[in-house]
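Quick notes on the structure that follows.
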Amino acid sequence: MPANKFNNYTNLGIGVGLRTAHYAHILNQAPKVDWFEIISENYMVSGGRPLEVLDCILDRYKVVQHGVAMYLGSPGPLDRDYMTKLKRLVERTKSPFVSDHLCWGSIDGNYTHDLLPLPYTKEAVRRVASKIKEAQDFLGVPVCIENVSSYAEFITSEMTEWQFISDVVELADCGMLLDVNNVYVSSRNNEFEPRDFLENIPHERIAQLHIAGHSDNGDHVLDTHDHPVRSEVWQLYSEVIERIGSTSTLLEWDSNIPDFSEVHAEAIKASAFQLEVLQHA
Amino acid sequence: MPKRGHSKAFSSGLTGVQTLMEEIITRPLVEGGLNQLHHSGDEMSTVAARFIKPNSKLTSFQRLEIYNQQYWYRLIDSLREDFPGLQAYLGEEVFELVVTGYLEEHKSSSYTLRNLGSGLANFLLSNQLPTKSKSKLGSQIAAFEWSDVIAFDEEFVEPVTQKDIEKPGFINTSLRLQPYISVLKLDYAVDSFIAKVKDLDITESLSDEKKRPSPAKRLTYCVVHRVDNVVHYKRVDSFAFELLQIFKGGCSINALGERLSSFANNYDDAQIAAQISNNFSLWTKLQWLYIDPEQGQEK
């Protein structure tokens, strides 16, 4: 959906993930970009270069925060220190909403720094939904959750991934960041039909889309963000746009990062796909 | 102790599954892959099959192994990025052994990878294997590179101003060194070494032991700080080092003389006053000192 309560009624266009490799180009050349997505944790620091750069970016561009460490599915309460710093950053960036992953990554104070999949159980639905509600209340902006790439499934799962996501977002009354590449990666690894996933999630709750490249290792696919977007993922992206309409889209490129112009050119292909789909609608 | 093949059944509840998964994926890799044996004595493939579904291409063990590998690749890469000098000094193979041992003993306790290397210098000092002869220098390199991390993004507090200095009673005001500044006493010229490493083609030096750089042995007092958000290294003399160490813990100008007493035996009062005055003037310009908000004025 173009603009809804889950993205604070914004449709920002086509964005690019802000990466340090591109700082100099962006600050010196001021390229025309609809918006940037920042990894929240990179700017939850006390001072120095990261915040200086962020303030320059904020002077010129719209910024949306995307996190990798809220760990909504981990046991125990939300990390108060983390949430306080996150809120401080939201106040600085004026991010219309924040997103993080439907995953876990820490236990007993130990952090894996990974986005680990959850068993798709009712217990997990209740745990995650409760934390999302708490996070939204605390932050004062909508929280959207992203489907992760997964390489394994749990024997204890009681439902499909799309049913799990639907139950979580309904119970938490939150939005969804649909990562189209992650759907593809998980579909290959977990052997499901990606269109089943895309048909059965609550479309009205989609606040933003992610696209990225992956690495195909034959017997499994890794979500590496080190390639252009693959044609299979663009195909799925077009089908999503056909279903939900023009939606804020973000390209992630995190490894083997090329020049900014190349990354941006890859991102704005999404505009062409959106245009093509909507012209035929 | 559970017998082989008869380990205690894990709790299949959500937290039980997560506990088991975290315990397995954080175990060090064996020959680049997941350890074949679980610590319970069971085959890892048996343990994996208890909670991970196989698919048509991969077994439960292989699917779990992907997470195990990703964990170690990610964390070691992060330390590689923050400690290029230590890697250049130890070589890639020893570096990996050291950081694997470190991470095995010190799992990450922070949500951010930025803090991952905070204990590496102490670990090197207290764990001499497999680099017994190199552990002291390795520890100093690690401490220096950790200071680099701190200098990059730690807090800048509003510094002491000329107006503060002119206030009555200022000499009794407790002052502190900025949180982003580290003061190091090194047995080697680690600062020059790190500067050199940053200019090197690390890949080339790592592959050839003869090309691997090593710091020169020289007692060095160094401050790692930043100017305009760029990290700098500044050498100081032993007197300035002592003063900065004192300010790190908080001290007023008036109390400096007493705190310096054991160090300054070889200086007369005029020399001490000149040292304090000259250094204080420079550090004020550099904005290195701030008024300790917790202590304010000392009695």
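Keeping their order, the protein sequence lines are chains A and B.
Counting in the working numbering, the first sequence runs from 7 upward without gaps.
Counting in the working numbering, the second sequence runs from 18 upward without gaps.
We treat Cβ as the ideally placed atom computed from N, Cα and C, and that holds for glycine.
Reduced DSSP category for residue i - H, G, I as helix; E, B as strand; rest coil
i: Asp202 (chain A); result: helix
i: Phe42 (chain A); result: strand
i: Phe160 (chain A); result: strand
i: Gly22 (chain B); result: For Gly22 (chain B), the predicted structure reports a pLDDT of 43, less than 50, and the residue's modelled location is therefore unreliable. A value from the coordinates is still provided. Gly22 (chain B) falls in the coil class under three-state DSSP.
i: Ser112 (chain A); result: strand
i: Ile182 (chain B); result: helix
i: Gly118 (chain B); result: helix
i: His242 (chain B); result: strand
i: Thr255 (chain A); result: strand
i: Ser95 (chain B); result: helix
i: Thr301 (chain B); result: helix
i: Tyr172 (chain A); result: Contrary to the premise, residue 172 (chain A) reads as Ser rather than Tyr in this sequence. Reduced to three states, the DSSP call for Ser172 (chain A) is helix.
i: Tyr126 (chain A); result: coil
i: His220 (chain A); result: coil
i: Arg252 (chain B); result: strand
i: Val74 (chain A); result: coil
i: Val247 (chain B); result: strand
i: Tyr29 (chain A); result: helix
i: Val149 (chain A); result: strand
i: Ile233 (chain B); result: According to the sequence as given, residue 233 (chain B) is Ala; it is not Ile. Note: Ala233 (chain B) maps to coil in three-state DSSP.
7 Å Cβ cutoff met for residue i and residue j
i: Arg193 (chain B); j: Gly267 (chain B); result: yes
i: His28 (chain A); j: Phe266 (chain A); result: yes
i: Tyr126 (chain A); j: Ser156 (chain A); result: no
i: Val74 (chain A); j: Glu43 (chain A); result: no
i: Leu242 (chain A); j: Pro200 (chain A); result: yes
i: Ser46 (chain A); j: Tyr77 (chain A); result: no
i: Val149 (chain A); j: Gln142 (chain A); result: yes
i: Arg132 (chain A); j: Gly181 (chain A); result: no
i: Ala105 (chain B); j: Pro230 (chain B); result: yes
i: Ile171 (chain A); j: Asn153 (chain A); result: yes
i: Tyr120 (chain B); j: Leu92 (chain B); result: The sequence shown places Leu at residue 120 (chain B), not Tyr. Result yes, Cβ atoms of Leu120 (chain B) and Leu92 (chain B) sit closer than 7 Å.
i: Phe210 (chain B); j: Pro232 (chain B); result: yes
i: Leu84 (chain A); j: Lys137 (chain A); result: yes
i: Ala130 (chain A); j: Leu122 (chain A); result: no
i: Ile263 (chain A); j: Arg25 (chain A); result: yes
i: Val283 (chain A); j: Ser254 (chain A); result: no
i: Arg44 (chain B); j: Ala158 (chain A); result: no
i: Trp168 (chain A); j: Asn206 (chain A); result: yes
Cβ-based burial, residue i [other Cβ within 10 Å; buried from 16]
i: Gly19 (chain A); result: buried
i: His242 (chain B); result: buried
i: Ser95 (chain B); result: buried
i: Gln53 (chain B); result: exposed
i: Pro317 (chain B); result: Chain B is shown only over 18 to 316; residue 317 (chain B) falls outside these bounds and no answer can be derived.
i: Phe195 (chain B); result: Correcting the residue type first, residue 195 (chain B) is Gln in the shown sequence and not Phe. So Gln195 (chain B) ends up on the buried side.
i: Asn306 (chain A); result: The first residue shown for chain A is 7 and the last is 287, placing residue 306 (chain A) beyond what the model contains.
i: Arg94 (chain A); result: exposed
i: Pro102 (chain A); result: buried
i: Ser294 (chain B); result: exposed
i: Ser237 (chain A); result: exposed
i: His56 (chain B); result: exposed
i: His220 (chain A); result: buried
i: Asp286 (chain B); result: exposed
i: Asn187 (chain A); result: buried
i: Val39 (chain A); result: buried
i: Thr16 (chain A); result: buried
i: His249 (chain B); result: exposed
i: Lys68 (chain A); result: buried
i: Asn223 (chain A); result: exposed
i: Asn34 (chain A); result: exposed
i: Ser80 (chain A); result: buried
Proximity test, Cβ basis, 7 Å: residue i and chain C
i: His119 (chain A); result: The structure shown contains no chain C; its protein chains are A and B.
- request: Check each residue of the segment 25-54 of chain B: if its Cβ is closer than 8 Å to any Cβ of chain A, include it; give the result in chain order.
  value: Listed by position along the chain: Ser29, Gly30, Leu31, Thr32, Val34, Gln35, Thr36, Met38, Glu39, Ile42 and Thr43.
message: Closer than 7 Å between beta carbons: that is the criterion. Which residues of the segment 234-250 of chain B meet it against chain A?
response: Within the segment 234-250 of chain B, the qualifying residues are Arg243 and Asn246.
- prompt: Can we say the segment 188-203 of chain B touches the segment 157-168 of chain B, given the rule of at least three CB pairs closer than 8 Å?
  reply: yes
query: What residues in the segment 148-167 of chain A have a beta carbon less than 7 Å from any beta carbon of chain B?
result: Tyr157, Ala158, Glu159, Phe160, Ile161 and Thr162
- request: Examine the Cβ distances between the segment 275-290 of chain B and the segment 180-193 of chain B and report whether three or more of them are shorter than 8 Å.
  value: no
query: Would the segment 206-220 of chain A and the segment 243-252 of chain A be scored as touching if the rule is three or more Cβ pairs under 8 Å?
result: Judged by Cβ distances under 8 Å, the segment 206-220 of chain A makes contact with the segment 243-252 of chain A, as three or more pairs qualify.
query: Any chance the segment 100-117 of chain A sits against the segment 106-123 of chain B, with 3 or more Cβ pairs inside 8 Å?
result: no
Short-range partners of chain A found in the segment 116-136 of chain B, where Cβ spacing is below 9 Å: Lys124, Ser125, Ser126, Ser127, Tyr128, Thr129, Leu130, Arg131 and Leu133
query: Is it true that the segment 249-267 of chain B meets the segment 231-240 of chain B, where meeting means three or more beta-carbon pairs spaced less than 8 Å apart?
result: yes
task: Specify whether the segment 172-190 of chain B and the segment 295-313 of chain B touch according to this definition: at least 3 beta carbon pairs, one from each stretch, less than 8 Å apart.
output: yes
query: When Cβ atoms are compared, which residues of the segment 148-170 of chain B fall closer than 7 Å to chain A?
result: Phe169 and Asp170
Cβ contact (3+ pairs, closer than 8 Å) linking the segment 70-79 of chain B and the segment 82-99 of chain A: The segment 70-79 of chain B makes no contact with the segment 82-99 of chain A; the number of CB pairs closer than 8 Å stays below 3.
Interface positions of the segment 81-111 of chain A facing chain B (Cβ-Cβ less than 8 Å), listed along the chain: Pro81, Asp85, Tyr88 and Trp110
task: Can you give me, in chain order, the residues of the segment 8-31 of chain A that have a beta carbon less than 8 Å from any beta carbon in chain B?
output: none
- prompt: When you check each C-beta in the segment 190-214 of chain A against every C-beta of chain B, which residues fall closer than 9 Å?
  reply: Asn195, Asn196 and Glu197
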